[in-house]
Amino acid sequence: SKFPALLVVALALVALVFVIWRVDSAPSTNDAYASADTIDVVPEVSGRIVELAVTDNQAVKQGDLLFRIDPRPFEANLAKAEASLAALDKQIMLTQRSVDAQQFGADSINATVEKARAAAKQATDTLRRTEPLLKEGFVSAEDVDRARTAQRAAEADLNAVLLQAQSAASAVSGVDALVAQRAAVEADIALTKLHLEMATVRAPFDGRVISLKTSVGQFASAMRPIFTLIDTRHWYVIANFRETDLKNIRSGTPATIRLMSDSGKTFEGKVDSIGYGV
């Protein structure tokens, strides 16, 4: 009768050693919790929510509509900018036609300027020679008046021609300014289209909506959270172990996870990292 008793004791000791070895080589803990990354879902533009396509705790797929901000202000701004662009295009076309016409006669204008400048110089020289002769009696006051009138007329003609040449140069500068203004309007159109696109908010990944506490009609401010979205594509477990257990745990070590909500099912994974901060 002693032999069976000794056998039972031996088996118990073997079982105890196995359990101790098992616990030591494959430590376990119930001080753990499952978690996932989350993001705050925020609109990038401000406006009133006109459509809310999700409810709290709802699962969503990447690309699903979450909510929509009233697009009408952005559509109005876009229409206004596109009208400004059309008006600018017409103005550029008309101004360019004027420039082309003036540049076509540029050689003629330059020749006219030189001719008017020569005539003005000649009239000035004639007046300068005539005025001293009046005191000597070689010319009459009427002759001097005619010379003075001719000089003034020549100066007026020269100024008129110079103004015409200046107008042609200004027209070219005007086209350049309109082209630069057109680029600014195009940038406004691109930005307004982007804002219009941002008025529709979609799920960036598969997830689950939580902390939703708003409804249609609420004014949403840019960069202010509307709700939170859990990234359900990747789950991880944060487990707390005793320091003495860490000798057998390292990055890459296989791990078996059982959830309290579904204890009959196991999940296989591996250790990602060890956090040594307390």
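Numbering (our numbering) for the sequence shown: 586 to 863. Quick reminder that beta carbons are idealized off the backbone N, C-alpha and C, glycines included.
- Message: Please list the terminal residues of the continuous beta strand (DSSP E) segment that includes residue 632.
- Response: For residue 632, the enclosing beta strand (DSSP E) has its first and last residue at 632-637.
- Would you say residue 701 reaches chain B, if we count a Cβ-Cβ gap shorter than 8 Å as a contact? No chain B is part of this structure, which consists of one protein chain only.
- Query: Around the C-beta of residue 628, are 16 or more other C-beta atoms found within 10 angstroms, so that it is buried, or is it exposed?
  - Reply: Looking at its Cβ environment, which holds 16 or more other Cβ atoms inside 10 Å, residue 628 is buried.
- Message: Once DSSP output is grouped into helix, strand and coil, what is the label at residue 790?
- Response: Residue state, collapsed to three classes: coil.
- Using the rule of at least 16 other Cβ atoms within 10 Å of the residue's Cβ for burial, across every protein chain shown, is residue 734 buried or exposed? So residue 734 ends up on the exposed side.
- Query: Which residue's Cα is closest to the Cα of residue 837: 785, 859, 845, 824?
  - Reply: It is 859 whose Cα lies nearest to the Cα of residue 837.
- Can you give me the Cβ contacts of residue 705 inside the same chain, cut-off strictly under 8 Å, excluding the 5 residues immediately before and after it? Hits under 8 Å: 736, 739, 740, 742, 743.
- Query: Considering residue 622, what are the terminal residues of the beta strand (DSSP E) in which it resides?
  - Reply: For residue 622, the uninterrupted beta strand (DSSP E) segment begins and ends at 617-626.
- Query: Hey, quick one: how far does the beta strand (DSSP E) through residue 815 stretch, first residue to last?
  - Reply: Annotation: the continuous beta strand (DSSP E) that includes residue 815 extends over 812-824.
- Per DSSP, which residues does residue 673 bridge with? Please list them. Beta-bridge pairing links residue 673 to no other residue.
- Query: Which residues in the same chain have their Cβ closer than 8 Å to the Cβ of residue 707, if we skip the five residues on either side of it in sequence?
  - Reply: Within its own chain, the residues whose Cβ lies closer than 8 Å to the Cβ of residue 707, once the five positions on either side in sequence are excluded, are 739, listed in chain order.
- Cβ-Cβ distance between residue 856 and residue 835 below 8 Å: Taking C-beta atoms as the reference points, residue 856 and residue 835 count as a pair closer than 8 Å.
- Item | Simplified DSSP assignment, three categories, for residue 650 | If DSSP states are grouped into helix, strand and coil, residue 650 belongs with the strands.
- Task: For the beta strand (DSSP E) holding residue 614, just list the boundary residues, first then last.
- Result: No beta strand (DSSP E) holds residue 614; DSSP gives it neither H nor E.
- Does DSSP put residue 835 in a helix, a strand or coil? Reduced to three states, the DSSP call for residue 835 is coil.
- Taking residue 814 and residue 623 to be in contact with their CB atoms under 8 Å, please state how far apart those CB atoms are, rounded to whole angstroms. Correct: roughly 7 Å between the Cβ atoms.
- Query: How many angstroms separate the CA atom of residue 808 from the CA atom of residue 630?
  - Reply: Rounded to the nearest angstrom, the two C-alpha atoms are 8 Å apart.
- Query: Looking only at its own chain, which residues have a Cβ that is under 7 Å from the Cβ of residue 852, when we skip the five neighbours before and after it?
  - Reply: Closer than 7 Å at the Cβ level, and outside the excluded window around residue 852, lie 842.
- Out of 747, 767, 616, 642, point me to the one whose CA is closest to residue 700's CA. Answer by Cα proximity: 747.
- Report the option in 822, 831, 839 whose CA atom is closest to the CA atom of residue 845. Checking every option, the nearest Cα to that of residue 845 belongs to 822.
- Given 8 Å, three or more beta-carbon pairs between the region 779-799 and the region 650-660: Flag = yes, the region 779-799 and the region 650-660 touch.
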